[in-house]
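**Q** Mind having a look at this structure? Questions to follow.
2 protein chains.
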Amino acid sequence: MFEISPTTRLRRSPFFEATVKEGVTGFYPYNQMLMPTGFGDPEAEYWRLLNGVSLWDVGVERQVELTGRDAARLAQILSPRDLTKCAEGQGKYVALCNHAGTVINDPILLKLDDRRFWFSIADSNILFWSRAIAAERGLDVTIVEPDVSPLAVQGPKAEDVVAAVFGDWVRELKYFWFREVEIEGIPLMLARSGWSKQGGFELYLMDGTRGTDLWNIVREAGSPWDIGPGNPNSCERIESGLLSWGGDTDDGTNPFEVRMGRYVDLDVPDDVVGIGALRRIKAEGPARHQLGIVLDGDAPQPSHATWYDILQNGRKVGDMTNGVWSRRLERNIGFALISQACSPGESVELAKDGNQISAKLTDLPYF
Amino acid sequence: MFEISPTTRLRRSPFFEATVKEGVTGFYPYNQMLMPTGFGDPEAEYWRLLNGVSLWDVGVERQVELTGRDAARLAQILSPRDLTKCAEGQGKYVALCNHAGTVINDPILLKLDDRRFWFSIADSNILFWSRAIAAERGLDVTIVEPDVSPLAVQGPKAEDVVAAVFGDWVRELKYFWFREVEIEGIPLMLARSGWSKQGGFELYLMDGTRGTDLWNIVREAGSPWDIGPGNPNSCERIESGLLSWGGDTDDGTNPFEVRMGRYVDLDVPDDVVGIGALRRIKAEGPARHQLGIVLDGDAPQPSHATWYDILQNGRKVGDMTNGVWSRRLERNIGFALISQACSPGESVELAKDGNQISAKLTDLPYF
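Residue numbers (our numbering), protein chains in the order written: chain C, 1 to 367; chain D, 1001 to 1367.
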């Protein structure tokens, strides 16, 4: 692969120095920042997440903060999900959509209080988007990207580590709920959350000068559980059926096509962006759905940087959006964004670099 | 530096394969795509641009296409510059601003006809932005990112090369004007343009499957002039005073602060986004301006990935946003985004990695 060149358009996370000290080997860009992608031992990093506890710099999950009299109203206008029952200290997974009903991001919305919300975003510019909608509607709300950078602690032993640092109360914290805490003078928001299905927490660091300190506190507290560095793991997340916005979606993907229909409430007010389009799409039936795809053969294929066509009877029926060698299934698996006419169990062909590989469609998730 | 990891969130340019064959050594991300950053011989690449002709993959300069009855109206609403005299086949450099008057991109606007425009954008999401404004205002316009990827031919001998391929008429083409042409069945828009001050053209490839073909046509036609690969050159662009949006600007930079005031017309209609804020800022006077900064000493400093504080009398007065070793001046030079109270000729200190380096403020451009 190629070197990533320095540029001031690509920001570093507060945990950058800590990850360099841990031996980070690669990055990719995410929200105009550098996101670690590995520490030199992919196999150990995978099993550490599955069986132990792993520490991830996910500072690239930026917050878009809404503050002011109309903050709650704007949060709802941007989210086609009923937020009326969202409590202070609670988070909700939402499918932000544009006016055509296309998913433009899939953040966690955190309700700090009635006048203050964070969208903890995936890889697209929601700062510009939300400012455009707020200003065009004349809302009384301030929108900024605050100095808040999550550090994830993930894996079955994450709870023990986080409890060792912050106390046993964290064991009672419900999924996507959070609480403001402080450790050695470092302010943070502690949430049960994270982009894996192995359980864990995200520590939303609220002082960018203290990244290395926070990393080291968790690193040291975790040593009895053999904590080590990691990052969002493409094998685990595909096995677990977790969506990567922008990787598994395109410029016409609606929430119903990518298993997000359960997070859409069609009876939200008419002023919610995209709700008219979503009602129409739901009534007409979306064109595609997201399935699993398992390739024939047991030779690991490298991770890919482009979508591949999926064919049935010689005709294109969809795309394989991401694929990976599954360490648990010992098969190459992936996500198919594919015609509703295709169902789990059916055989298809994958057109890859001039070859055709036989494959079978499956349900999601794999685990 | 670090490896850039493969991800389907990071797209390749149609010229990717050609640049790999040319020996590209690094990339950085730009508009969610890979942009080549060098071919292994920075000194030769610099002088080739200054004295010869250089071929650049700038496919990352994506187009945001506005089509339809209200396309012209939306182009004006998004641009605080009078477009009434913009002719078909003409381009204009514009400072897109948000409602607060902050620059959110600095594209070239190309008027294809009365109902069709391209914003040829810098590194931020103007597709989402323009869709938000258009939908909120109920405009009849379709907004897409078309299959259009520029290839730049830059340097004093670029005109000879482009004339050899397309004919001598290109010598008469005015700056930022363009014309639709075809070469060996490849459709493209040919413009006199490019992100250097050495002269040249951009070939807006309109068929992404023909990238290697177009690269090779220009490469072969250019061999009598010793054409070679290159990319937007940070040394040349800083010497020439060219702005890098997002690299030299922050979330509060208005056009007057970065020498774009001449592209702002305060008498555009009141419905232009940000015009109210821009009138206020102009009346009150912007807080900062952009100057050059020349560091003492003659040891080349590496290019940097963060801004550095500029101090005067021990107090922070601004930031050095980008800096480079100037091969022509044989000094480390850069851009200062600095208080209006500071003027060219004054001495300052640069706080860099724990050291203070004496420096002098200068006018821009350097050449």
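Backbone N, C-alpha and C define an ideal beta-carbon position, used for all residues, glycine too.
1. ASN155 (chain C) and GLY199 (chain C) look like a contact to me (Cβ under 8 Å); what is the Cβ gap, rounded to whole Å?
2. Taking ARG1121 (chain D) as part of the alpha helix (DSSP H), name the residues at either end of that continuous run.
3. Near GLY101 (chain C), what residues of its chain come up, given a Cβ to Cβ distance below 6 Å and the 5 sequence neighbours on each side ignored?
4. Could you list which residues in chain D have their beta carbon closer than 9 Å to that of THR253 (chain C), in chain order?
5. Who are the neighbours of ASN1098 (chain D) on chain C, taking C-beta pairs under 9 Å?
6. Mind checking which residues open and close the beta strand (DSSP E) that includes ARG1192 (chain D)?
7. For the stretch 33-42 of chain C and the stretch 204-216 of chain C, state whether three or more C-beta atom pairs, one from each stretch, are separated by less than 8 Å.
8. If the criterion is Cβ atoms closer than 8 Å, does the pair THR8 (chain C) and HIS1304 (chain D) meet it?
9. Can you name the residues that DSSP bridges to ILE4 (chain C)?
10. Touch check for the stretch 1159-1177 of chain D and the stretch 1127-1143 of chain D: three-plus C-beta pairs under 8 Å?
11. Taking the alpha helix (DSSP H) that ARG48 (chain C) belongs to, which residues open and close that run?
12. Using 10 angstroms around the beta-carbon of ASP1147 (chain D), count the other beta-carbons present and answer buried if the total reaches 16, otherwise exposed.
13. Do we get a CB-CB distance below 8 Å when we pair PHE1117 (chain D) with the residues of chain C?
14. Do you know whose CA, among D:THR1209, D:PRO1187, D:LYS1197, lies nearest LEU1203 (chain D)'s CA?
15. Since ARG1073 (chain D) and VAL1264 (chain D) are thought to touch, with beta carbons under 8 Å apart, how far apart are those beta carbons, to the nearest angstrom?
16. If contact means a Cβ-Cβ distance below 8 Å, which residues of the stretch 16-29 of chain C contact chain E?
17. Verify the CB distance criterion: does ASN1313 (chain D) have a CB-CB separation below 8 Å to chain C?
18. Check each residue of the stretch 1228-1244 of chain D: if its Cβ is closer than 9 Å to any Cβ of chain C, include it; give the result in chain order.
19. Buried or exposed, going by whether 16 or more other CB atoms sit within 10 Å of the CB of TYR1175 (chain D)?
20. Going by DSSP, what residue range makes up the beta strand (DSSP E) through GLY68 (chain C)?
21. If you count every other CB in all the chains shown that lies within 10 Å of the CB of SER1132 (chain D), and 16 or more means buried, which is it?
22. Compare the C-alpha of VAL317 (chain C) against each of C:LEU243, C:LEU350, C:GLY345 and name the closest.
23. If we call anything under 8 Å between Cβ atoms a contact, is ASP57 (chain C) one with LEU151 (chain C)?
24. Kindly identify the DSSP beta-bridge partner or partners of ASN332 (chain C).
25. Quickly, what does DSSP pair SER223 (chain C) with across the bridge? List them, please.
26. Nearest CA to the CA of ASP1070 (chain D): which residue from D:GLU1017, D:PRO1107, D:TRP1047, D:ASP1114?
27. Can you tell me whether PRO1302 (chain D) is buried or exposed, with buried defined as 16 or more other CB within 10 angstroms of its CB?
28. How long is the line joining the alpha carbons of ARG331 (chain C) and LEU243 (chain C), rounded to whole angstroms?
29. For SER1149 (chain D), which of D:VAL1024, D:GLY1228, D:GLN1063, D:LEU1096 has the nearest alpha-carbon?
30. Is it buried or exposed for ALA359 (chain C), if we count other Cβ within 10 angstroms and need 16 for buried?
31. Kindly say whether ALA1305 (chain D), judged by its beta-carbon, lies nearer than 8 Å to any beta-carbon of chain C.
32. Who are the Cβ neighbours of SER1326 (chain D) in its own chain at under 8 Å, not counting the five residues just before and after it?
33. Within its chain, find whatever has a CB closer than 6 Å to the CB of GLY1167 (chain D); leave out the 5 residues flanking it on each side and keep chain order.
34. Once DSSP output is grouped into helix, strand and coil, what is the label at PRO1255 (chain D)?
35. What does the Cβ neighbour count give for LYS1085 (chain D), buried or exposed, with the cut at 16 atoms within 10 Å?
**A** Considering the structure as presented:
1. Along the first sequence, one-based indexing puts residue 155 (chain C) at 155. Along the first sequence, one-based indexing puts residue 199 (chain C) at 199. Reading off the sequence shown, one finds Gly at residue 155 (chain C), where the question assumed Asn. Rounded, the Cβ-Cβ distance is 7 Å, consistent with contact.
2. For this step, residue 1121 (chain D) is matched to residue 121 along the second sequence. The question names Arg, but residue 1121 (chain D) in the sequence shown is Ile. Secondary structure note for ILE1121 (chain D): it is in no alpha helix (DSSP H), with a DSSP letter that is neither H nor E.
3. Indexing the first sequence from 1 puts residue 101 (chain C) at position 101. The residues are ASN254, GLY274, ALA277, LEU278, ILE281.
4. What you label residue 253 (chain C) is simply residue 253 of the first sequence in a count that begins at 1. Against THR253 (chain C), chain D offers no close residue; the least beta-carbon distance is about 13 Å (beta-carbon pairs closer than 9 Å).
5. Start at 1 with the first residue of the second sequence, and residue 1098 (chain D) comes out as number 98. The answer, in chain order, is PHE128, ARG131, ALA132, ALA135.
6. Locating residue 1192 (chain D) in the second sequence gives position 192, where the first residue counts as 1. Looking at the DSSP string, the run of the beta strand (DSSP E) that includes ARG1192 (chain D) is 1186-1192.
7. No contact exists between the stretch 33-42 of chain C and the stretch 204-216 of chain C.
8. Sequence index remark: in the first sequence, residue 8 (chain C) carries index 8 (1-based). Sequence index remark: in the second sequence, residue 1304 (chain D) carries index 304 (1-based). For THR8 (chain C) and HIS1304 (chain D), yes; Cβs fall inside 8 Å.
9. Locating residue 4 (chain C) in the first sequence gives position 4, counting from the first residue. Answer is D:PHE1027.
10. No contact exists between the stretch 1159-1177 of chain D and the stretch 1127-1143 of chain D.
11. If you number the first sequence from 1, residue 48 (chain C) lands on position 48. For ARG48 (chain C), the enclosing alpha helix (DSSP H) covers residues 42-51.
12. Residue 1147 (chain D) sits at position 147 when you count from the first residue of the second sequence. Exposed: under 16 other Cβ atoms inside 10 Å.
13. Here residue 1117 (chain D) refers to the residue found at position 117 of the second sequence. Taking 8 Å as the CB threshold, PHE1117 (chain D) stays off the interface with chain C.
14. Your numbering for residue 1203 (chain D) matches position 203 in the second sequence. Proximity to LEU1203 (chain D) across D:THR1209, D:PRO1187, D:LYS1197 peaks at D:PRO1187, based on C-alpha coordinates.
15. Position 73 of the second sequence, counting from 1, holds the residue named residue 1073 (chain D). Position 264 of the second sequence, counting from 1, holds the residue named residue 1264 (chain D). ARG1073 (chain D) to VAL1264 (chain D), Cβ: 19 Å. No contact.
16. No chain E is present in this structure, whose protein chains are C and D.
17. As a working mapping, residue 1313 (chain D) is identified with position 313 in the second sequence. Chain C contact via Cβ: absent.
18. So the close ones are SER1234, SER1244.
19. Along the second sequence, one-based indexing puts residue 1175 (chain D) at 175. Its Cβ having fewer than 16 others within 10 Å, TYR1175 (chain D) is exposed.
20. The count along the first sequence starts at 1 and reaches residue 68 (chain C) at position 68. Here GLY68 (chain C) belongs to no beta strand (DSSP E), and DSSP marks it neither H nor E.
21. Indexing the second sequence from 1 puts residue 1132 (chain D) at position 132. Here residue 1132 (chain D) turns out to be Ala, not Ser, going by the sequence shown. Under this definition ALA1132 (chain D) is a buried residue.
22. Stepping through the first sequence from its first residue, residue 317 (chain C) is reached at position 317. The option with the nearest alpha carbon to VAL317 (chain C) is C:LEU350.
23. On the first sequence, residue 57 (chain C) is found 57 positions in, with the first residue counted as 1. On the first sequence, residue 151 (chain C) is found 151 positions in, with the first residue counted as 1. Result yes, Cβ atoms of ASP57 (chain C) and LEU151 (chain C) sit closer than 8 Å.
24. Here residue 332 (chain C) refers to the residue found at position 332 of the first sequence. Answer is C:TRP325, bridged to ASN332 (chain C).
25. The residue given as residue 223 (chain C) occupies position 223 in the first sequence. Per DSSP, none; premise fails for SER223 (chain C).
26. Working through the second sequence from its first residue, we reach residue 1070 (chain D) at position 70. Considering only alpha carbons, the answer is D:ASP1114.
27. Indexing the second sequence from 1 puts residue 1302 (chain D) at position 302. By the neighbour-count rule (16 or more Cβ atoms within 10 Å), PRO1302 (chain D) is not buried but exposed.
28. Looking up residue 331 (chain C) in the first sequence gives position 331. Looking up residue 243 (chain C) in the first sequence gives position 243. As the crow flies, the alpha-carbon of ARG331 (chain C) is around 20 Å from that of LEU243 (chain C).
29. For the purposes of this step, residue 1149 (chain D) is identified with residue 149 of the second sequence, where counting begins at 1. Considering only alpha carbons, the answer is D:GLN1063.
30. As a first step, residue 359 (chain C) is located in the first sequence; it is residue number 359 there, counting from the start. The residue in question, ALA359 (chain C), is buried, as its Cβ has 16 or more Cβ neighbours within 10 Å.
31. Position 305 of the second sequence, counted from the start, is the residue given in the question as residue 1305 (chain D). Output row for ALA1305 (chain D): interface = yes.
32. If you number the second sequence from 1, residue 1326 (chain D) lands on position 326. Excluding residues within five positions, the ones whose Cβ falls inside 8 Å are CYS1235, ILE1238, GLU1239, ASN1332, ILE1333, TYR1366.
33. Start at 1 with the first residue of the second sequence, and residue 1167 (chain D) comes out as number 167. No residues qualify anywhere along the chain.
34. The sequence position of residue 1255 (chain D) within the second sequence is 255, counting from 1. Reduced to three states, the DSSP call for PRO1255 (chain D) is helix.
35. Mapped onto the second sequence, residue 1085 (chain D) falls at position 85. The residue in question, LYS1085 (chain D), is exposed, as its Cβ has fewer than 16 Cβ neighbours within 10 Å.
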